[in-house]
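Working notes for the structure below.
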Amino acid sequence: MNEVVTLHHGQRETKKLNREAADLARSRWGRDLPVVQVMAAEMPRVVDEAEETLIEAGAPVFTRAGALVRPVSELLPSTSGQLARVAHLRPLCKASLADILGQTMRFQRWDERRQSFVNMDVPPVVAETMLARQGQWRLPPLAGIITTPTLRADGTLLSEPGYDPETRLFVMLDEGFTLGPLPERPTRADVEAALKLLLDLLSGFPFVGPVDRAVALSGIITSVLRPGLPTAPAHGIRAHTAGTGKSLMVDLFSAIALGRPCPVIAVGKTEEETEKRLGALLLNAVSVISIDNVNGELGGDLLCQMTERPLVRVRKLGTSEAPEIECRSMVFATGNNLVLVGDMTRRTVLCTLDAGVERPETREFEFDPIQRVIEDRGKYVAAALTIARAYRVAGFPKRCVPLGSYGVWSDTVRSALMWLGEADPAASMETMRDEDPELLEIRSLLAHWRDNLAEASFYTASQVIDTAIEKDTGGGFLRPEFRDLLLRIAGDGPVVSSKRLGRRLVKMHGRVVGQMRLDLRADEKRGNRFALSKIRVWDGTGEE
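Numbering follows numbering that gives the first Met the number 0, with no gaps: position 260 of the sequence shown is 259.
Okay, structure coming up:
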């Protein structure tokens, strides 16, 4: 209990007033709440005590992205046309923070006429000052919200509702959720039964091959484990024809991880618009993000960062602020003939579906996999957790070579699947690399350079263009395919822009493609110059 600091009351009188203040708060509100006494010229102390009371009471107020936030849940549209209840974060404003303060503690002021403390509404200046203390808060940081049990980094189960300081996650389990049996030390029989349960759930999907099935299994397991993983690759689901089951599969993943179909977003008309949509979801700590019905290529800097980095900077709409936030979101993307471009080819595992019929939407599943999950979701969550825990208990046998920034995911999900005899889900990255239009463009440019320019000789962008547009005696172009390629890469109307080409060459220099590489020699006076060099491959025998 806070003491009243006055000059005209003795210690005995002070204790008496504190008892009266507590009795007043209890009698009026019907429950015993902490009391914060508001005194003139003591606002810093009042705000400190209010914040400390929030912390001690375990009030759902946290810090994220330079703001005070609280976990909430609301209804949003999903791919199935139904409404899905989704947990996410809401930033607190002065009124909403005052509301939480009023529910957590009682504010009282000194009444000279009564010579005692009286209850009062939450002083607006208290909420306003607390919100303004950016960078000084002692309230706990929040990395995300989960509605399903998951595993911590040490393999222990995270399932108790409320805030977990170790993971910085807030647990909001669905009402009525019951986790299926999860052995502390799963046996081989336990893990094989868990795998069979998940495979049966996927039996109606027309996978092209074993790698595609492995990616789907990874989608289930990673969705459950993602909140406890520092990073995880995006999972792409594609088909050649609409109606093959792409969105249904993502809804299945979401049904296991969230207990409901997956809300979706669409790709924006520009990369900037897409990043704004993704940024808003990250700020709200949305746990599963589905980029639905991508028509063609998918890439972008923010998408690359949120799938590879545990911390990302996201610009808040309407401001110049770009706070650093933890990313614990699972990312899915679906599309007909979906193509990942640039760095997304090594940040995504890809599942391809092909029903082999003209109208795949007319196919009938033997059972509804989503309905089967909803009927006993805890069983499927436990199966995913059992596979991850069993691999850890077994001592990580046959661990795969680390996969870039996805070392923990590779050890926890990828290696576990291969240990159980499934294909390597990361093998799909090579398929995407071969299809990457940016890589194909670079490969084509280097091939034309090799055929039409001297190896190891340095050229400016203008000299490269001059070679490509050189004409024969009849007025036609000597190298029309080379010219057409440069127009696609750096065209400015009917001509090739040397500035655009120069920027593209700078961007691709140093990258090895097909044992070839562009080298850069910076020259402020004459401009950057570039040369093609052949990379020697060491085979261990002394020969190349």
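Glycine included, C-beta positions come from ideal geometry on N, C-alpha and C. Remember, predicted model here, so these are calculated numbers, not experimental data.
- As computed with DSSP, N335 is found in a beta bridge with A238.
- Taking the Cα positions, S409 is about 46 Å away from Q462.
- By the criterion of a C-beta distance shorter than 7 Å, A126 is surrounded in its chain by K93, L96, A97, L100, once the five residues flanking it on both sides are discounted.
- Taking the Cα of A256 as reference, the smallest distance to any Cα among S202, I145, A284, T306 is reached at I145.
- Rounded to whole angstroms, I236 and R503 show a C-alpha spacing of 30 Å.
- Cβ-Cβ separation between M515 and R449: approximately 7 Å, consistent with a contact (criterion under 8 Å).
- In this structure, H234 and G218 form a Cβ contact; the two beta carbons are roughly 5 Å apart against a cut-off of 8 Å.
- The Cβ-Cβ distance between V249 and T186 does not fall below 8 Å.
- Cβ-Cβ distances below 7 Å link L194 to I386, L419 in the same chain, with the five nearest sequence neighbours on each side left out; the list follows chain order.
- Runs of beta strand (DSSP E) with 3 or more residues, each lying fully within the stretch 100 to 138, are found at 105 to 110, 115 to 119, listed in chain order.
- Look at D367 here: in three-state DSSP terms it is coil, with no helix or strand label.
- When the five nearest sequence neighbours on each side are left out, the beta carbons in the same chain lying within less than 6 Å of the beta carbon of P90 are those of A66, V68, in order along the chain.
- At a Cβ-Cβ threshold of 8 Å, P424 and V190 do not count as neighbours.
- Around the C-beta of P122, 16 or more other C-beta atoms lie within 10 Å, and the residue is accordingly described as buried.
- Secondary structure remark: continuous alpha helix (DSSP H) runs of at least 4 residues inside the stretch 295 to 336, in chain order: 300 to 307.
- Taken through DSSP and simplified to helix, strand or coil, F204 comes out as coil.
- V400 counts as exposed, since fewer than 16 other beta carbons sit within 10 angstroms of its beta carbon.
- By the C-beta criterion, the stretch 296 to 313 is judged to be in contact with the stretch 335 to 344, since at least 3 inter-stretch pairs fall below 8 Å.
- Close CB contacts of E307 within its chain, under the 7 Å cut and outside five residues either way in sequence, are with T230, R346, S404 (chain order).
- Annotation for L349: the continuous beta strand (DSSP E) segment containing it runs 347 to 352.
- Residue pairing by DSSP puts S532 in a beta bridge opposite R516.
- Taking C-beta atoms as the reference points, R358 and G242 count as a pair closer than 8 Å.
- Of the candidates L201, E274, E174, R259, the residue whose Cα lies closest to the Cα of V85 is R259.
- The distance from the Cβ of V223 to that of L384 is about 6 Å, consistent with a contact at the 8 Å cut-off.
- Per the Cβ contact rule, the stretch 127 to 136 is in contact with the stretch 36 to 47 (3 or more Cβ pairs under 8 Å).
- Cβ neighbours of M428 within its own chain (closer than 6 Å, five residues either side excluded): R345.
- Non-local C-beta neighbours of Q304 in its own chain, meaning closer than 7 Å and more than five positions away in sequence, comprise V311, ordered along the chain.
- L201 has its alpha-carbon roughly 14 Å from the corresponding atom of E421.
- Around the beta carbon of V263, a 10 Å sphere encloses 16 or more other beta carbons of the protein chains shown; the residue is thus reported as buried.
- For F481, the enclosing alpha helix (DSSP H) covers residues 479 to 489.
- The bridge partners DSSP lists for E73 are V85.
- Judged by their CB atoms, L517 and H508 are nearer to each other than the 8 Å cut-off.
- Secondary-structure assignment with DSSP links Q36 through a beta bridge to Q107.
- The three-state reading of DSSP puts R212 in helix, counting H, G and I together.
- Under the DSSP assignment, L504 falls in the alpha helix (DSSP H) whose first and last residues are 497 to 507.
- L141 is positioned such that its CB atom lies no closer than 8 Å to that of R113.
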